Amino acid sequence: MHTLEMVNEIKRLKREKRAIILAHNYQMPEVQDIADFVGDSLELSKKAAATNADIIIFCGVHFMAESAKVFSPDKKVLLPVYDAGCPMADMIDADQLRELKKQYPNIPVVCYINSSAEVKAESDICCTSANAVKVVKSLDSDKVLFIPDQNLGSYVANQIPDKEIINWEGYCITHHRVKCDELDEVKKNWNKIKILVHPECKADVVEKADFVGSTSQIINYVNKSDEKEFVIGTEMGVLHSLKKENPDKEFYLLSPSLICHNMKKTRLKDVYRALKDEVYEIKVEKEIMAVAKEALEKMLNLS
Ligand code: 13P
Ligand code: SF4
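Numbering (this note's numbering) for the sequence shown: 794 to 1096.
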């Protein structure tokens, strides 16, 4: 089937099945362009919670589609590629978290949304990269267990020095690869260029950046800036929106390693198949869903 024909079929099936296509900022350009909404994890969670569509096609990775299911248990949530996962989300499971809680009793657990529903169900509140500082600040405790991203946890700890953050040692295999040397090299050659990074990068990279934010916060920063050139320290998928919304500006990727292969698994043909055959349906145990929803809703109620 030709691309144009596929695009038209996707649009027809979407209307016929009352479906909505949500896509993360890291998705392939062809997928972002067919989506009803493109955003960061926080924005996508809000959309998934508010939609009245019957089917949600979630173009992203497993934990994102799972969160959409938790928010909308009566809707059919489909992940177009069944093995599009987030390696960081797999770095802690519910048993490991239960052990950690035993080791540090009565300390609230803040769980990055990049985690399984089971792990969320064991946590007090969720956060995304867009609101982690706000979520931790909101807690009436001077100690916090932060899981699973040590880099986001360290960033939060630097922003809130009066709280002790106990980090789980997980990390994003994509952002963790960015080296401080790569940033130093940029600074040496273009000392005035703005460097914008995601808080999943290592602390030494984050510390030297001009702006730290979620994917959508980085895009909004560029949209509002009068500068003409930027170095982008997050997964390359954001370059699509950045270039589309700012044709007069130039973008350079901070490191060639900024590609998440899981985010790149979903192609237009997968979106088409997902809509046509209604695959791959996300299922979560009812009891887990109910408790995980509380942790997610506490986060949304703060924003
Ligand atoms: P955002 O919170 O910016 O959507 O980032 C999600 C993610 O997986 C980053 O690697
Ligand atoms: Fe997970 Fe990193 Fe990919 Fe985001 S970029 S989905 S945190 S592996």
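C-beta: ideal position from N, C-alpha, C; glycine also. Fair warning: this is a prediction, and the values are worked out from it, not measured in the lab.
Check your understanding: Going by the CB atoms, is the gap between S860 and K913 shorter than 9 Å?
Key -> Yes. Within cutoff.
Review point. In this structure, does DSSP put G803 in helix, strand or coil?
Key: First, the amino acid is wrong: residue 803 is Ile here, not Gly. Helix.
**Study point:** Terminal residues of the alpha helix (DSSP H) in which A1085 lies
**Key:** Run containing A1085: K1079 to L1095, per the alpha helix (DSSP H) assignment.
Check your understanding: What is the rounded straight-line gap between the Cα of D867 and the Cα of K985?
Key -> Between D867 and K985, the alpha-carbon positions lie close to 51 Å from each other.
Exercise for review: Spatial neighbours of E1043 within its chain, please: CB distance less than 8 Å, with the 5 preceding and 5 following residues excluded, ordered by chain position.
Suggested key: Excluding five sequence positions before and after E1043, the CB atoms of its chain that fall closer than 8 Å to its own CB belong to K1021, E1022 and F1023, given in chain order.
Exercise for review: Run the CB neighbour count on A950, radius 10 Å, all protein chains shown included, and call it buried at 16 or more, exposed below.
Suggested key: In summary, A950 is buried, with 16 or more beta-carbon neighbours lying within 10 Å of its beta-carbon over all protein chains present.
Review point. Does the region 935-948 come close enough to the region 882-894 to have 3 or more Cβ pairs within less than 8 Å?
Key: When Cβ pairs closer than 8 Å are counted between the two stretches, the region 935-948 is seen to touch the region 882-894, the count reaching three or more.
Review point. Is it the case that the Cβ atoms of V871 and L1068 are separated by a distance below 9 Å?
Key: The displayed chain sequence assigns Leu, not Val, to residue 871. Cβ distance < 9 Å, so L871 and L1068 count as in contact.
Practice item. Go to N960, then tell me how far its alpha helix (DSSP H) extends in each direction, as first and last residue. Key: Per DSSP, N960 belongs to no alpha helix (DSSP H); it is in the beta strand (DSSP E), E957 to N960.
Practice item. To the nearest angstrom, report how far apart R970 and L1035 are at their CA atoms. Key: Each residue's CA atom was taken as its position, placing R970 and L1035 some 22 Å apart.
Review point. Where does M794 land, buried or exposed, given buried means 16+ other C-beta within 10 angstroms?
Key: Answer is exposed; the Cβ neighbour count stays below 16.
Check your understanding: Among C919, K810 and G1006, which residue has its Cα nearest to the Cα of I850?
Key -> The shortest Cα separation from I850 among C919, K810 and G1006 belongs to K810.
Point to revise | Minimum length 4: unbroken alpha helix (DSSP H) runs contained in the region 1002-1085 | key: Runs found: 1008-1017, 1031-1038 and 1061-1070.
Check your understanding: Quick one: is the Cβ of P1040 within less than 8 Å of any heavy atom of the ligand SF4?
Key -> False, no ligand heavy atom lies under 8 Å from that Cβ.
Review point. D1063: buried (16+ other C-beta within 10 angstroms of its C-beta) or exposed?
Key: Counting Cβ neighbours within 10 Å, D1063 comes out buried, since at least 16 surround it.
Point to revise | Contacts around A1085, its chain only, beta-carbon distance under 6 Å, and the 5 residues preceding and following it disregarded | key: Excluding sequence neighbours, A1085 sits near V863, A910, K913 and A914.
Exercise for review: Please state if the CB of K1091 and the CB of I918 are separated by a distance shorter than 9 Å.
Suggested key: Cβ atoms of I918 and K1091: closer than 9 Å.
**Study point:** Nearest-angstrom Cβ-Cβ length linking E993 and L945, presumed shorter than 8 Å
**Key:** The C-beta distance from E993 to L945 rounds to 6 Å, short enough to meet the 8 Å contact threshold.
Exercise for review: Taking 8 Å as the threshold, find out whether the region 1006-1015 comes into contact with the region 1073-1082 through three or more Cβ pairs.
Suggested key: Too few Cβ pairs lie closer than 8 Å, so no.
Check your understanding: Based on the DSSP output, what are the partners of D942 in its beta bridges?
Key -> The partner list for D942 (beta bridge, DSSP) reads G963.
Check your understanding: Relative to the ligand SF4, what is the chain-ordered list of residues with a Cβ closer than 7 Å to any of its non-hydrogen atoms?
Key -> Counting only beta-carbon distances shorter than 7 Å to the non-hydrogen atoms of the ligand SF4, the qualifying residues in chain order are Y819, V854, C879, P880, M881, A882, N907, C965, I966, T967, H968, E993, E1028, C1053, N1055 and M1056.
Check your understanding: Nearest to H991 by CA position, among E1087, K980 and L1047, is which residue?
Key -> Of E1087, K980 and L1047, the residue nearest in Cα terms is L1047.
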